[in-house]
Amino acid sequence: MATSDVKLLGAWPSPFALRVHIALNIKSIDYECLEENLLAKSQLLLQSNPVHKKVPVLIHHDKPICESLAIVQYIDEAWSSAPSILPSDPYDRAVARFWAAYIDDKWFPWLNGVANAQGAEAKKAALDQVREGLVVLEEAFGKCSKGKDFFSGDRIGYVDIALGCFLGWVYVAEKRNDVKLLVEDKMPGLAAWANKFCEDGTVKDVMPDKDELLEFANMILEARAKLNASSNN
Amino acid sequence: MGEEVKVIGSIKSGFCVRVEWALKLKGVEYEYIKEDLRNKSPMLLKYNPVHKKVPVLVHGDKPIPESLVILEYIDETWKDNPLLPEDPYERAMARFWAKYADEKCMFGAWEAFKAEGEEKEKAMESALESFAFLEKAIKGKKFFGGEKMGFLDLVVGWIPHWLSVLEEVGGMKMLDAEKFPSLHEWAENFIQIPLIKECIPPRDVLVNHFHATFSSLRSLSANKP
Numbered sequence: 001m002a003t004s005d006v007k008l009l010g011a012w013p014s015p016f017a018l019r020v021h022i023a024l025n026i027k028s029i030d031y032e033c034l035e036e037n038l039l040a041k042s043q044l045l046l047q048s049n050p051v052h053k054k055v056p057v058l059i060h061h062d063k064p065i066c067e068s069l070a071i072v073q074y075i076d077e078a079w080s081s082a083p084s085i086l087p088s089d090p091y092d093r094a095v096a097r098f099w100a101a102y103i104d105d106k107w108f109p110w111l112n113g114v115a116n117a118q119g120a121e122a123k124k125a126a127l128d129q130v131r132e133g134l135v136v137l138e139e140a141f142g143k144c145s146k147g148k149d150f151f152s153g154d155r156i157g158y159v160d161i162a163l164g165c166f167l168g169w170v171y172v173a174e175k176r177n178d179v180k181l182l183v184e185d186k187m188p189g190l191a192a193w194a195n196k197f198c199e200d201g202t203v204k205d206v207m208p209d210k211d212e213l214l215e216f217a218n219m220i221l222e223a224r225a226k227l228n229a230s231s232n233n
Numbered sequence: 001m002g003e004e005v006k007v008i009g010s011i012k013s014g015f016c017v018r019v020e021w022a023l024k025l026k027g028v029e030y031e032y033i034k035e036d037l038r039n040k041s042p043m044l045l046k047y048n049p050v051h052k053k054v055p056v057l058v059h060g061d062k063p064i065p066e067s068l069v070i071l072e073y074i075d076e077t078w079k080d081n082p083l084l085p086e087d088p089y090e091r092a093m094a095r096f097w098a099k100y101a102d103e104k105c106m107f108g109a110w111e112a113f114k115a116e117g118e119e120k121e122k123a124m125e126s127a128l129e130s131f132a133f134l135e136k137a138i139k140g141k142k143f144f145g146g147e148k149m150g151f152l153d154l155v156v157g158w159i160p161h162w163l164s165v166l167e168e169v170g171g172m173k174m175l176d177a178e179k180f181p182s183l184h185e186w187a188e189n190f191i192q193i194p195l196i197k198e199c200i201p202p203r204d205v206l207v208n209h210f211h212a213t214f215s216s217l218r219s220l221s222a223n224k225p
């Protein structure tokens, strides 16, 4: 299949785009990566995702697919040969989808909320909430992994991708707030999983460098703070 | 497939009704266990400890919460009358629109219902923008699923009945037949389908429920310092 058959509109800091990179790597799919400048979105992005105007967008045979988890499932179904991203049993698939929804609908907004929290008390509450969510996910990891390396067992799968894409941003929140979120003695399973995830062959080369991500986050959040300060005058 | 199927739900919930519709469409027998959401049962807390919400499908001894997750489980377990199309691209589209409809259309309508004055106007504008996308998606089609109803029809199926009650109680008009002719036509047809109609709660039950919700929201905001 020609490389240009599969295009990914992404942005290097985006954890959602990272999900798609990993899924494509799991299936060993050749693809063209188009880096978007999120401050100056391309015509292709605006046309391909008119509803949200966001990355990632997968373009396969000129047809755009949006929303990272919809894209990951699409990849699993369109390239149906092994390795699978979702398990084959309907109940196991439901459990995987449940946890991915929890990560997107509850946990990620909490992580995002840390940067938005104003004042020391609000920050602490936001960070505590992220940690509480990780405790829930630690229990989920125990049940799903059944003693193996990943949520999906021996190989990276759906929930691993859904959560693992945020590890760089967890590091950013830890450094910026001088705290630990992925606390080894409270979340031993997740702590070990995080290391294995980052080292995995499908992840290693596409995961952004954590310190570059931190620099990027510092730049964005400083700019935002300046904007808020000037608009409050 | 001889295991028992239970649905833990509330008849007032637009999320729970989707699950019933899906099971009926597939000809699956189930027991409906009514949950009092002001006084949650030990069963609900056991089967959905993370969110403590309805609906929960219990198949044998396996609990599945989250309505969209349940719909996909039902589709994969009982193969008659498929909800999702076969083609991966069409499936991705259905999943995209389902997420959009829940996050923007339903949430938008709810925000507009709750709000007052200028906030209400803003919330309605935003919700109506999202309805415009749904209008485009249904244009020229009998169902969101094509010739037969499918996944997305069940997901937005709250619109014909629930939205009209929210409109009445919340003092707002959203599903304007002139602005959204295709969506309006789909809604009128959908609610008449027997298996759809038989699962919806009586209108006065919903009206009373949303009136009570509306009053408590108003008194909460009146009591704010």
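Residue numbers (UniProt numbering), protein chains in the order written: chain A, 1 to 233; chain B, 1 to 225.
Idealized CB from N, CA, C, for every residue including glycine.
**Prompt:** Along chain D, in chain order, which residues have C-beta atoms closer than 8 Å to that of A/I85?
**Reply:** Going by chain labels, chain D is absent from the structure shown, which instead holds the protein chains A and B.
Give me the subset of the UniProt domain "GST C-terminal" (89–227) of chain A whose CB atoms are less than 7 Å from a CB atom of chain B, sorted by chain position. Answer set for the UniProt domain "GST C-terminal" (89–227) of chain A: P90, Y91, R93, A94, R97, F98, A101, Y102 and V136.
Could you pull out every residue in the same chain whose Cβ sits closer than 7 Å to the Cβ of A/I103, ignoring the five residues on either side in sequence?
-> The residues are A162 and L163.
**CB of B/E168 within 8 Å of CB of B/V207, strictly** = For the pair B/E168 and B/V207, the CB atoms are nearer than the 8 Å cut-off.
Any idea if A/D30 is buried or exposed, counting beta-carbon neighbours within 10 angstroms, 16 or more meaning buried? A/D30 comes out exposed.
Do you know offhand how far B/F151's Cα is from B/A94's? Distance between B/F151 and B/A94, taken at the CA atoms: about 7 Å.
| Do you know how far the Cα of A/L39 is from the Cα of A/I220? | The C-alpha of A/L39 is placed about 11 Å away from the C-alpha of A/I220.
Report task. Please confirm whether A/G157 and A/A96 have their CB atoms less than 8 Å apart. Result -> A/A96 is positioned such that its CB atom lies closer than 8 Å to that of A/G157.
Under a Cβ-count criterion, where at least 16 other Cβ atoms within 10 Å of its own Cβ denotes burial, should A/K123 be classed as buried or exposed?
Buried, since its Cβ has 16 or more Cβ neighbours within 10 Å.
Note to self: Using the Cβ count rule (16 or more neighbours within 10 Å means buried), how would you classify B/E35?
What the structure shows: So B/E35 ends up on the buried side.
query: I think A/C144 touches A/R19, with their Cβ atoms under 8 Å apart; what is that distance to the nearest whole Å?
result: 18 Å between Cβ atoms; not a contact.
Just to check my reading of the structure: A/Y74 and A/L58 have Cβ atoms closer than 8 Å, yes? What is that Cβ distance to the nearest angstrom? 7 Å between Cβ atoms; contact.
(message) Assess contact between the stretch 180–194 of chain B and the stretch 128–137 of chain B, defined as three or more Cβ pairs (one per stretch) separated by less than 8 Å. Is contact present?
(response) Three or more pairs of CB atoms, one per stretch, sit closer than 8 Å, so the stretch 180–194 of chain B contacts the stretch 128–137 of chain B.
* **For residue 235 of chain B, the nearest candidate out of B/R18, B/E4 and B/E118 (CA to CA)** => Residue 235 of chain B lies beyond the range of chain B shown here (1 to 225); nothing can be said about it.
- Task: Please check if any C-beta of chain A sits within less than 8 Å of the C-beta of B/T77.
- Result: Closer than 8 Å to some Cβ of chain A, the Cβ of B/T77 qualifies, so yes.
- If you follow the alpha helix (DSSP H) that B/H51 is part of, which residue opens it and which one closes it? No alpha helix (DSSP H) holds B/H51; DSSP gives it neither H nor E.
| field | For A/P64, three-class secondary structure by DSSP | value | A/P64: strand per DSSP, three-state reduction.
Just checking: is the beta-carbon of A/V51 within a distance shorter than 8 Å of some beta-carbon in chain B?
True, the Cβ-Cβ gap to chain B drops below 8 Å.
*Taking the C-alpha atoms as reference points, what is the distance between B/L166 and A/A225?*
Their backbone Cα atoms lie some 39 Å apart in a straight line.
Residue-level contact to chain B via CB, A/M1, 8 Å cutoff
Confidence in A/M1 is poor, its pLDDT being 47 and thus under 50, which makes the residue's placement too unreliable to answer from.
* Could you pull out every residue in the same chain whose Cβ sits closer than 8 Å to the Cβ of A/H61, ignoring the five residues on either side in sequence? => Non-local beta-carbon contacts of A/H61 in its own chain, meaning distances under 8 Å to residues more than five positions away in sequence, involve D5 in chain order.
_Nearest by alpha-carbon distance to B/E116: which of B/K40, B/I191 and B/G171 is it?_
Nearest option by C-alpha distance: B/G171.
Self-check item: Contact test: B/W158 Cβ vs the ligand HEM heavy atom, cutoff 7 Å
Solution: The ligand HEM is absent from the structure shown, which contains no ligand whatsoever.
field: Residue nearest to B/D153 in terms of C-alpha spacing, selected from B/G108, B/A98, B/E119 and B/K120
entry: Closest by C-alpha distance to B/D153, out of B/G108, B/A98, B/E119 and B/K120, is B/A98.
Distance cutoff 8 Å, beta carbons only. Does residue 260 of chain B sit that close to anything in chain A? Residue numbering for chain B in the displayed model covers 1 to 225; residue 260 of chain B lies beyond these limits and cannot be assessed.
Quiz item: Alpha carbon to alpha carbon, what distance is there between A/E67 and A/Q47?
Solution: So the two alpha carbons sit approximately 15 Å from each other.
Self-check item: Closer than 8 Å to chain B by CB, A/A40
Solution: Cβ-Cβ to chain B under 8 Å: no for A/A40.
Option in B/K53, B/L68, B/N48 and B/L71 with minimal Cα separation from B/D61: For the residues B/K53, B/L68, B/N48 and B/L71, the minimum Cα distance to B/D61 belongs to B/N48.
Rounded to the nearest angstrom, what separates B/E188 and B/G9 at their Cα positions?
Rounded to whole angstroms, B/E188 to B/G9 spans 25 Å at the Cα level.
When you compare only the Cα positions, how much space is there between A/E215 and B/L37?
Their Cα atoms are separated by approximately 46 Å.
Check: Would A/L190 be called buried (16 or more neighbouring beta carbons within 10 Å of its own) or exposed?
Finding: Buried.
Exercise. State the start and end residues of the unbroken beta strand (DSSP E) segment that holds residue 236 of chain A.
Key: Absent from the model: residue 236 of chain A. The displayed extent of chain A is 1 to 233, so no value can be given.
- prompt: By Cβ distance, which residues of its chain are closer than 7 Å to A/E174, with the 5 residues on each side in sequence left out?
  reply: Closer than 7 Å at Cβ, skipping near neighbours: K180 and L181.
| If you draw a straight line from the alpha carbon of B/E198 to that of B/K148, how long is it in whole angstroms? | If I take the Cα positions, the gap works out to 18 Å.
* Leaving out five residues before and five after A/L45 in sequence, what residues of the same chain have Cβ atoms less than 6 Å from its Cβ? -> Exclusion of the five residues before and after A/L45 leaves L9 and E36 as the residues of its chain whose Cβ lies within less than 6 Å of its Cβ.
- prompt: Which class does A/I71 belong to by DSSP, given the choice of helix, strand or coil?
  reply: Helix.
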